[in-house]
Amino acid sequence: RAEVADFDNPAALAALVDDIAPDVVVNAAAWTAVDAAQSHRDAAFRVNAEAPGVLARACAARGARLVHYSTDYVFDGRSTRPYREDDPPSPLGVYGASKLAGEEAIRASGARHAILRTAWVYSGDGDNFLTRMLRLAASRDELRVVDDQIGTPTPAALVADVTARVL
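For the sequence shown, the residue numbers in the numbering used here are 7 to 173.
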């Protein structure tokens, strides 16, 4: 059963978890506007840190498992090798800091959990880098994109498959 929750109102999350009594919660909700988070710090932290903490504590109280999606933005991007889960985080901006605070709140909650750090998630649907570039390529002769970022594009289907395996 899927439910819609208002992550801008974290207090309501615990009541929702109590109401539906799940065995598993998969949290894919997030404030993902990376640049806008800089000027909307409180909202980013409410959605990315406070709400996951509330959700995790509610899961812990019920014995429910929690899968939470985080981000590679918890790192500063300066590594010369792929990051490992035990590398020390060092977020550069509000978005990464808010996601890291969410991870920390989940770990402190006592809930059985898995935190999956995703990056550059794409599919053929929705608004993502792949669909945006395909749309722009169809209407322009030349595309200009940043050339100072390194990442691993991740198919949404792979995220779903890994989530199912974790559960």
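C-beta atoms are modelled at their ideal positions from N, C-alpha and C, and glycine is treated no differently. Bear in mind the structure is a predicted one, so any value in this text is a computation, not a measurement.
Burial state of residue i, where buried means 16 or more other Cβ atoms lie within 10 Å
| i | result |
| --- | --- |
| Leu-19 | buried |
| Thr-86 | exposed |
Own chain partners of residue i with C-beta closer than 7 Å, once the 5 adjacent residues on each side are dropped
| i | result |
| --- | --- |
| Val-127 | Asn-134, Thr-160, Ala-162, Val-165 |
| Arg-68 | Val-23, Ala-27 |
Reduced DSSP secondary structure (H/G/I, E/B, other) of residue i
| i | result |
| --- | --- |
| Arg-113 | helix |
| Val-31 | strand |
| Thr-169 | helix |
| Arg-123 | strand |
| Arg-118 | strand |
| Thr-137 | helix |
Residues of its chain near residue i, where Cβ-Cβ distance is below 8 Å and the 5 sequence neighbours each way are ignored
| i | result |
| --- | --- |
| Ala-117 | Ala-62, Arg-63, Cys-65, Ala-66, Ala-70, Arg-71, Leu-72 |
Opening and closing residue of the beta strand (DSSP E) in which residue i lies
| i | result |
| --- | --- |
| Leu-72 | 71 to 77 |
| Ala-62 | Taken as a continuous stretch (DSSP letters only), Ala-62 belongs to no beta strand (DSSP E), being part of the alpha helix (DSSP H) at 57 to 68. |
6 Å Cβ shell around residue i - same chain, five flanking residues per side excluded
| i | result |
| --- | --- |
| Asn-54 | Ala-36, Trp-37, Ser-104, Lys-105, Gly-108 |
| Gly-59 | Ala-111 |
| Ser-129 | Ala-162 |
N- and C-terminal bounds of the alpha helix (DSSP H) containing residue i
| i | result |
| --- | --- |
| Val-23 | 17 to 26 |
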